[in-house]
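Engineer: Submitted below is the structure of interest, expressed as structure tokens.
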């Protein structure tokens, strides 16, 4: 009897969770990431767990490593960074939306929000073997899309989507999968569309903003360096201008004659000032969504004094640009790329649009990846490569 009870007890025990490892930011002093064992966290009702196959590096990852305690004072150390991840579903939370959308074995891409103040938990960071993702921030990907290409999307896609579609930003019509359009919608799309300005079209955010705006039925004017003109046009921009040219603002204003501007998305140094000048001079929406600041966050000093000097300069710039916008009657707003985790834009993009758009070939996983290495130990190298800068590309580490 004792033997039989023991057998029943053993067979009834749940399987042991997978062994997890992570590349930790161990404290606020910016030390290199430390790879070590990490807890495996089971998913909640609206969550999934994926086994990561590839992660992408964003400039903010290096900036947080240098000045995390001043940039993101809510971080709990040791923390797990990373926003961009692609892999395979291994566990699905029960009793919620996740069960309807996903199953074990699905290949997905998702936005990891572990360092966002509203999450602030290590299990939702990308730089580990197993990540908890919120189901409204994850999409199935087609079999012919490798994870190392898919993982370039999430943070840039989300930032662009927030700037274009959130009600307190440009509030554009939502993107649609072409195969799902009805006859009335196709007829509307064939009429003269309003123009969205995307300043910085070859960047990660710009690459996604162009495609999203086109999928929403808008024409796109963009800027880039001449070597990237063809790339930006391949994403859907009808006209591309050299962002370095002194007459670019005037040329864009001239190209908008007879058209209506739906607003602008500003990416890169001095992009906000240029976009304010453009939307102020043409008919249409007087609004600029701002995706970047005039400070390279990779160069933010570690010392409090140095950081304060940078912040004072940033405050002065903010005041001067704010006065310019007010004088020209243009509204601006900074984009926080994870805001879609708490509004309707998240499901619209990740549930309703992206899976079908990727499957139909309507949406490209761009920019192309630059593989910095393999394994969690290569993530620190990836951060260093990202600091040096890449053009029309994104740094990726395979796992």
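In the numbering used here, the protein residues as written are 12 to 410.
A virtual CB, placed ideally from N, CA and C, is assigned to each residue, including glycine.
#1: As a quick exercise: from 401, 242, 58, pick the residue whose alpha carbon is nearest that of residue 109.
#2: To test your reading of the DSSP string, which unbroken beta strand (DSSP E) runs of 3 or more residues are found completely within the segment 337-392?
#3: Hey, quick one: how far does the beta strand (DSSP E) through residue 276 stretch, first residue to last?
#4: Cβ atoms of residue 346 and residue 168: under 8 angstroms apart, would you say?
#5: List the whole-angstrom C-beta distance separating residue 212 from residue 266, where the pair is believed to meet the contact cut-off of C-beta under 8 angstroms.
#6: Which stretch, first to last residue, makes up the alpha helix (DSSP H) that contains residue 217?
#7: For residue 46 versus residue 387, is the C-beta spacing smaller than 8 angstroms?
#8: Check for me: the alpha helix (DSSP H) holding residue 134 runs from which residue to which?
#9: Taking residue 282 as part of the alpha helix (DSSP H), name the residues at either end of that continuous run.
#10: Figure out for me which residue from 299, 225, 401 has the closest Cα to the Cα of residue 203.
#11: With which residues is residue 91 paired in a DSSP beta bridge?
#12: Quick check on DSSP: helix, strand or coil for residue 48?
#13: Report, in whole angstroms, the separation of the C-beta atoms of residue 216 and residue 302, which I expect to be a contact under 8 angstroms.
#14: Under 8 angstroms: do the segment 98-116 and the segment 168-184 share three or more Cβ pairs, one atom per stretch?
#15: Can residue 184 be considered in contact with the ligand SAM, in the sense that its beta carbon sits closer than 7 angstroms to one or more heavy atoms?
#16: Helix, strand or coil, according to DSSP, for residue 76 in the structure here?
#17: I need the straight-line Cα distance from residue 242 to residue 258, nearest angstrom please.
#18: Return helix, strand or coil for residue 397, following the three-state DSSP convention.
#19: I'd like to know if the segment 113-124 and the segment 75-87 are in contact, where contact means that at least 3 CB-CB pairs between them fall below 8 angstroms.
#20: Using a 10 Å radius around the Cβ and a threshold of 16 neighbouring Cβ atoms, would you call residue 254 buried or exposed?
#21: Rounded to the nearest angstrom, what separates residue 407 and residue 183 at their Cα positions?
#22: Is it true that the CB of residue 275 sits closer than 8 angstroms to the CB of residue 290?
#23: Considering only C-alpha positions, which residue in the set 240, 277, 285 is nearest to residue 262?
#24: First and last residue of the alpha helix (DSSP H) that includes residue 166?
#25: Taking residue 11 and residue 368 to be in contact with their CB atoms under 8 angstroms, please state how far apart those CB atoms are, rounded to whole angstroms.
#26: Nearest to residue 304 by alpha carbon, out of 161, 280, 362, 94?
#27: Going straight from the alpha carbon of residue 380 to that of residue 178, what length do you get?
Structural biologist: Answer, in terms of the structure:
#1: 58
#2: 342-345, 379-385
#3: 272-277
#4: no
#5: Between residue 266 and residue 212 the Cβ distance is about 15 angstroms, and since that is not below 8 angstroms, they are no contact.
#6: 215-226
#7: yes
#8: Careful: residue 134 lies outside any alpha helix (DSSP H) and carries neither H nor E.
#9: 282-292
#10: 225
#11: Its beta-bridge partners do not exist; DSSP assigns none.
#12: strand
#13: 5 angstroms
#14: no
#15: Ligands are entirely absent from the displayed structure, and the ligand SAM is therefore not among its contents.
#16: helix
#17: 22 angstroms
#18: helix
#19: no
#20: buried
#21: 31 angstroms
#22: yes
#23: 285
#24: 165-176
#25: Because the chain in this structure spans residues 12 to 410, residue 11 falls outside the shown range and cannot be described.
#26: 280
#27: 32 angstroms
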